[in-house]
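Note sheet for the following structure.
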Amino acid sequence: MTDECHGFLGALAPDHRTRLLTFSHETALPAGTRIFEEDGEAHRFWILRTGRVALDVHTPGRGTDVVETLGSGELLGWSWLFEPYRWHLGAQVLHATRAYEFDAHEVRAAIEEDPAFGLAVTRCVASVAIGRRLKASRMRLLDLYGPPGARAAPGGGPR
Amino acid sequence: MRTGGRDAVVLDRDGLDGLIVLLAARGRTVIGPTVRDGAIVLAEISAGGDLPYGWGVDLEAGRYRLRPRTDGAAFAHSAGPQSWKTFLHPQRERQWTARTGPDGVPLVTEDDTPPPSYAFLGVRPCDLRAIQVQDRVLTDGPHTDPRYRRRRERAFLVVVECTEPGATCFCVSMGTGPAADRGYDLALTEVVDDGGHRFLARSASDEGSAVLAELPTRPADDGLRAAAREGVAQAAGRMGRAMPDVDLRVLMHETLTADRWNDVTARCLTCGNCTMVCPTCFCTTAEDVTDLTGEHTERWRRWESCYDLEFTHLQNGPVRASALSRYRQWATHKLGTWYDQFGSSGCVGCGRCIVWCPTGIDITEEAHALNQERAEARQAAS
Amino acid sequence: MNAPAVAAGPSARPAGPPLPYRVEARTVDAPDVATIVLEPAGEALPRFAPGQFAMVYAFGAGDIPLSVSSIEGDRLTHTVRAVGAISRALHGTRTGRTVGVRGPFGTGWGLGASVGRDLLVVAGGIGLAPLRPVVRGALAAPGRYGRLNVLIGARTPGDRLYAHETNNWREAGARVLTTVDRPDGGWTGDVGVVTTLLDRAVFDPPHTTAFVCGPEVMIRAAARELTHRGLGPDRIEVSLERTMHCGTGHCGHCQLGPVLLCRDGPVLDWARAERLVSVPEL
Numbered sequence: 197m198t199d200e201c202h203g204f205l206g207a208l209a210p211d212h213r214t215r216l217l218t219f220s221h222e223t224a225l226p227a228g229t230r231i232f233e234e235d236g237e238a239h240r241f242w243i244l245r246t247g248r249v250a251l252d253v254h255t256p257g258r259g260t261d262v263v264e265t266l267g268s269g270e271l272l273g274w275s276w277l278f279e280p281y282r283w284h285l286g287a288q289v290l291h292a293t294r295a296y297e298f299d300a301h302e303v304r305a306a307i308e309e310d311p312a313f314g315l316a317v318t319r320c321v322a323s324v325a326i327g328r329r330l331k332a333s334r335m336r337l338l339d340l341y342g343p344p345g346a347r348a349a350p351g352g353g354p355r
Numbered sequence: 003m004r005t006g007g008r009d010a011v012v013l014d015r016d017g018l019d020g021l022i023v024l025l026a027a028r029g030r031t032v033i034g035p036t037v038r039d040g041a042i043v044l045a046e047i048s049a050g051g052d053l054p055y056g057w058g059v060d061l062e063a064g065r066y067r068l069r070p071r072t073d074g075a076a077f078a079h080s081a082g083p084q085s086w087k088t089f090l091h092p093q094r095e096r097q098w099t100a101r102t103g104p105d106g107v108p109l110v111t112e113d114d115t116p117p118p119s120y121a122f123l124g125v126r127p128c129d130l131r132a133i134q135v136q137d138r139v140l141t142d143g144p145h146t147d148p149r150y151r152r153r154r155e156r157a158f159l160v161v162v163e164c165t166e167p168g169a170t171c172f173c174v175s176m177g178t179g180p181a182a183d184r185g186y187d188l189a190l191t192e193v194v195d196d197g198g199h200r201f202l203a204r205s206a207s208d209e210g211s212a213v214l215a216e217l218p219t220r221p222a223d224d225g226l227r228a229a230a231r232e233g234v235a236q237a238a239g240r241m242g243r244a245m246p247d248v249d250l251r252v253l254m255h256e257t258l259t260a261d262r263w264n265d266v267t268a269r270c271l272t273c274g275n276c277t278m279v280c281p282t283c284f285c286t287t288a289e290d291v292t293d294l295t296g297e298h299t300e301r302w303r304r305w306e307s308c309y310d311l312e313f314t315h316l317q318n319g320p321v322r323a324s325a326l327s328r329y330r331q332w333a334t335h336k337l338g339t340w341y342d343q344f345g346s347s348g349c350v351g352c353g354r355c356i357v358w359c360p361t362g363i364d365i366t367e368e369a370h371a372l373n374q375e376r377a378e379a380r381q382a383a384s
Numbered sequence: 002m003n004a005p006a007v008a009a010g011p012s013a014r015p016a017g018p019p020l021p022y023r024v025e026a027r028t029v030d031a032p033d034v035a036t037i038v039l040e041p042a043g044e045a046l047p048r049f050a051p052g053q054f055a056m057v058y059a060f061g062a063g064d065i066p067l068s069v070s071s072i073e074g075d076r077l078t079h080t081v082r083a084v085g086a087i088s089r090a091l092h093g094t095r096t097g098r099t100v101g102v103r104g105p106f107g108t109g110w111g112l113g114a115s116v117g118r119d120l121l122v123v124a125g126g127i128g129l130a131p132l133r134p135v136v137r138g139a140l141a142a143p144g145r146y147g148r149l150n151v152l153i154g155a156r157t158p159g160d161r162l163y164a165h166e167t168n169n170w171r172e173a174g175a176r177v178l179t180t181v182d183r184p185d186g187g188w189t190g191d192v193g194v195v196t197t198l199l200d201r202a203v204f205d206p207p208h209t210t211a212f213v214c215g216p217e218v219m220i221r222a223a224a225r226e227l228t229h230r231g232l233g234p235d236r237i238e239v240s241l242e243r244t245m246h247c248g249t250g251h252c253g254h255c256q257l258g259p260v261l262l263c264r265d266g267p268v269l270d271w272a273r274a275e276r277l278v279s280v281p282e283l
């Protein structure tokens, strides 16, 4: 299984995938690297090949909470595609990571110029990255493994 | 209706009285219909005089009234509030007892007190089918309920074919009556006409034949056979209700999200009366009781209704929280999923659920409405 | 008389009273989860299969269904989460005490029908308990199955079950991936729902059998995702939960439409389960 045919890239048609990759270069990110910060300008994005990256948010008095982790095949960053092009969360490398790094300006220009490519990339970001993560986040909101009682309804108690 | 059998004989009223006395003399607890508290109930009887001679019933949705009859018939009444499950699958029963032994290890003893040997007199064909339905539930699966099985094996069944259906009866459309064809020890058909008051009797078991042989009987003549046949045939034409003539199992499967469920559950109080009077409803709950020392504990099993919120409780609450889901569970189980679970319908058309519903919900009316809604939806889609 | 003739076979046993089992060991897996190892105090129950369950009786309190999280001869292991009076009593039971056990009840996982196929075990929370014998069974028969993936979702790192053992599984050749909903300070592993781990599992969808257990919402999401990725619905086995009182198919509580879960389940394939779990309050 190669990194081109699964995860985010695997969801793109081969010609669009090849075109997208022309805007990228390979990069290695050592553990501990701060990739971006909340509210920073989103002018790059990554598709992870190996390793693990944490998306986090800083809370005064509580430190940094990891909200989600991303791994092999996943898209890191989608704020570059939508105005105001600023990151919602911070990102830090947990385990040494290799990735394709993209120049967001170039990709946005290509999207504007070629509607078919633009639709394919936008759809892919919307469904594979945003849609799937939204579903996952909503499920976590339910706290499914949490203790009973918090969500208990009337009608007797658990056994 | 097996009125033509070689051993078909005639019993008169004295002979019926003799049957009760004889069954009791054979060590059986005889249970039959008798008038009590304004209803025809099932209770232990000791003589023919206990039977409801001269009583009929007027039935409607949410209504039950005794009515005197001029013909003096004993079995010209349809289902009362109880059914035979009261005796075969009692409301409350101890299953086992545990007592802490000298080594601290609890000693568990199964409750295997020998049950009474029942004789049931006056089992209606629909109720005979209901007994067979409960047999499949409690003894035919991978596990057998040992206490039910013992009671059932020892029971002697005297069926009385139905000649007087009520306004809430629909056994014909369920294929369960008004004639009895198998699964009994003795079958009687009551005939009251110019020829007098008598019972055409035939046996379907060795013990049935042995019992008949000890009673004062005479061979049945063709006239009586014809009268018995005619009485049952006429009853078949006088059913007060009928289910729609469609595959009810498929109907239930296809209408799980029908609007009609909203309509019916606006009337349903989720009281569970229908489950208590239903002759096939078998659901129970487990109850554990402990004495003050904690060294003696008992496990009891008692009837429970699928209308109770507690019935489906999981760690975060009941699965069937709405009244809609609970009525739908009961009705679709009776008419539909019972086939999947136990190989037959769970409804025998006795009409008790209609009579004893405080708001008069009628399962046949609901089935017709669901069928109608399905037909309209199909028409709109085509 | 006219009662049906039913042979009182060996299956008559589970419908009888509970047999006493002694608590041989108890380990605490998570703040509200403990694993108890039970040894028959006298007569033993028939052998359990992975995925089947026992009704475990805390004398005087009552009994609850508990799946077997390990089976070694007559010895039964159950992992119990303290959520109500009975489960609290069993969770807190001490070594040397006696509990009652009835069973085995229900259907098991179809590991035997998956020879030569890739295996995908997807577990959420306490759902790993009934799946542990599947993982152990697959690892005990090297070469019999394809690749073994174990995807585990837990609430927090401290709620992970059998953490030592899952490392052994990894060393024995399984691909074990764990993710948590709520990381704590020291956690550098995955954060997210268990289905996000599917991207990193190694399996060939048409030749894979999945075994899924956890909260029903998680089961639905996982099974749909697996179907989307090309697994046949009949190759996705899920273990469902409903109220159970008797275990013998007689009390009626565990009905899920046409299914009596204590008899026809708790393991069902997705081809059968999908419609049942998609009708609310069925």
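Chains U, E and D, in that order, give the protein sequences.
To convert a position in the first sequence, counted from 1, into the working numbering, add 196.
To convert a position in the second sequence, counted from 1, into the working numbering, add 2.
To convert a position in the third sequence, counted from 1, into the working numbering, add 1.
Virtual Cβ for every residue (Gly too), placed ideally from N, Cα, C.
Values in this document were obtained by computation on a predicted structure and should not be read as measured data.
Range of the contiguous alpha helix (DSSP H) that encloses residue i
{"i": "E:Ala76", "result": "Counting along the chain, E:Ala76 falls outside any alpha helix (DSSP H), and DSSP gives it neither H nor E."}
{"i": "U:Asp310", "result": "Counting along the chain, U:Asp310 falls outside any alpha helix (DSSP H), and DSSP gives it neither H nor E."}
{"i": "E:Val279", "result": "275-279"}
{"i": "E:Gln374", "result": "365-383"}
{"i": "E:Ser207", "result": "No alpha helix (DSSP H) holds E:Ser207; DSSP gives it neither H nor E."}
{"i": "E:Ile133", "result": "127-141"}
{"i": "E:Gln331", "result": "325-334"}
N-terminal and C-terminal residue of the beta strand (DSSP E) that residue i is part of
{"i": "U:Gln288", "result": "286-299"}
{"i": "E:Leu13", "result": "11-14"}
{"i": "U:Phe241", "result": "240-255"}
{"i": "E:Phe158", "result": "158-162"}
{"i": "D:Leu241", "result": "Per DSSP, D:Leu241 belongs to no beta strand (DSSP E) and is neither H nor E."}
{"i": "U:Arg334", "result": "From DSSP, U:Arg334 is part of no beta strand (DSSP E) but of the alpha helix (DSSP H) over 328-337."}
{"i": "U:Glu182", "result": "No answer is possible for residue 182 of chain U: the residues shown for chain U start at 197 and end at 355."}
{"i": "E:Gln317", "result": "Counting along the chain, E:Gln317 falls outside any beta strand (DSSP E), and DSSP gives it neither H nor E."}
With 16 other Cβ atoms within 10 Å as the buried cut-off, status of residue i
{"i": "E:Thr259", "result": "exposed"}
{"i": "E:Asn373", "result": "buried"}
{"i": "D:Phe212", "result": "buried"}
{"i": "U:Thr218", "result": "exposed"}
{"i": "D:Gln53", "result": "buried"}
{"i": "E:Glu378", "result": "exposed"}
{"i": "U:Thr255", "result": "exposed"}
{"i": "D:Asp182", "result": "buried"}
{"i": "E:Gly2", "result": "Summary: the structure shown does not reach residue 2 of chain E, with chain E confined to residues 3 through 384, and so no result is reported for it."}
{"i": "D:Ala6", "result": "Residue placement at D:Ala6 is poorly supported in this model, since its pLDDT is 41, which falls under 50; the coordinates still yield a value, given next. When all chains shown are included, D:Ala6 counts as exposed."}
{"i": "E:Gln381", "result": "exposed"}
{"i": "D:Asn1", "result": "Because chain D is modelled from 2 through 283, residue 1 of chain D falls outside the range shown and cannot be assessed."}
{"i": "D:Ala59", "result": "buried"}
{"i": "E:Asp137", "result": "buried"}
Exercise. Can you list, in chain order, the residues of the region 105-135 of chain D whose Cβ is nearer than 7 Å to any Cβ on chain U?
Worked result: For the region 105-135 of chain D, which is checked against every Cβ of chain U, the residues closer than 7 Å are Gly125, Gly126.
For this session: Let me know the beta strand (DSSP E) ranges lying completely inside the region 15-42 of chain D, each 3 residues or longer, listed in chain order.
Result: Under the rule that a run must span 3 or more residues, the beta strand (DSSP E) segments found entirely inside the region 15-42 of chain D read 20-31, 34-41.
For this session: Could you tell me whether the region 314-323 of chain E touches the region 89-108 of chain E, using the rule of 3 or more Cβ pairs below 8 Å?
Result: No, they do not touch.
For this session: Determine contact between the region 105-122 of chain D and the region 37-55 of chain D, defined as no fewer than three beta-carbon pairs at a distance below 8 Å.
Result: Touching, per the Cβ criterion.
Exercise. Any residues in the region 281-306 of chain E with a beta carbon nearer than 7 Å to a beta carbon of chain D? Which ones, in chain order?
Worked result: Within the region 281-306 of chain E, the residues whose Cβ lies closer than 7 Å to some Cβ of chain D are Phe284, Cys285, Thr286, Thr287, Ala288, Asp290, Thr292, Gly296, Thr299, listed in chain order.
Exercise. Okay, do the region 256-264 of chain D and the region 81-94 of chain D touch, 3+ Cβ pairs below 8 Å being the bar?
Worked result: Verdict: no, contact absent.
For this session: Scan the region 187-234 of chain D and note each continuous beta strand (DSSP E) run of 3 residues or more that stays entirely inside, going in chain order.
Result: If only complete runs of 3 or more residues are kept, the region 187-234 of chain D shows the beta strand (DSSP E) at 209-214, in order along the chain.
Problem set entry | Segments of 4+ residues assigned as alpha helix (DSSP H) that fall wholly inside the region 152-176 of chain D | For the alpha helix (DSSP H) assignment, the uninterrupted runs of no fewer than 4 residues enclosed by the region 152-176 of chain D are, from N- to C-terminal side, 164-172.
Exercise. Is there contact here, the region 30-38 of chain D with the region 219-238 of chain D, by at least three beta-carbon pairs under 8 Å?
Worked result: Judged by pairs of C-beta atoms under 8 Å, the region 30-38 of chain D does not touch the region 219-238 of chain D, as fewer than three such pairs exist.
Exercise. Of all the residues that make up the region 200-219 of chain D, which are near chain E by a beta-carbon distance shorter than 8 Å?
Worked result: Residues passing the 8 Å Cβ filter: none.
Exercise. How about the region 30-37 of chain E and the region 226-236 of chain E: do they share at least three Cβ pairs that are nearer than 8 Å?
Worked result: Contact between the region 30-37 of chain E and the region 226-236 of chain E is absent, because fewer than three Cβ pairs lie under 8 Å.
Exercise. What beta strand (DSSP E) runs, 3 residues minimum, are completely inside the region 89-115 of chain D?
Worked result: Segments of the beta strand (DSSP E) lying fully in the region 89-115 of chain D: 99-106.
Exercise. So, do the region 247-262 of chain U and the region 272-287 of chain U have three or more beta carbon pairs nearer to each other than 8 Å?
Worked result: In short, these stretches touch, since the Cβ pair count reaches three.
For this session: Assess, as a yes-or-no matter, whether the region 124-134 of chain D is touched by the region 63-72 of chain D under the definition of 3 or more beta carbon pairs within less than 8 Å.
Result: Yes, the region 63-72 of chain D touches the region 124-134 of chain D.
Problem set entry | Against chain U: residues of the region 68-101 of chain D by CB proximity under 8 Å | Flagged, chain order: Val84, Gly85, Ala86, Ile87, Ser88.
Exercise. Closer than 8 Å, Cβ to any Cβ of chain E: which residues of the region 136-152 of chain D, in chain order?
Worked result: Those would be none; no residue qualifies.
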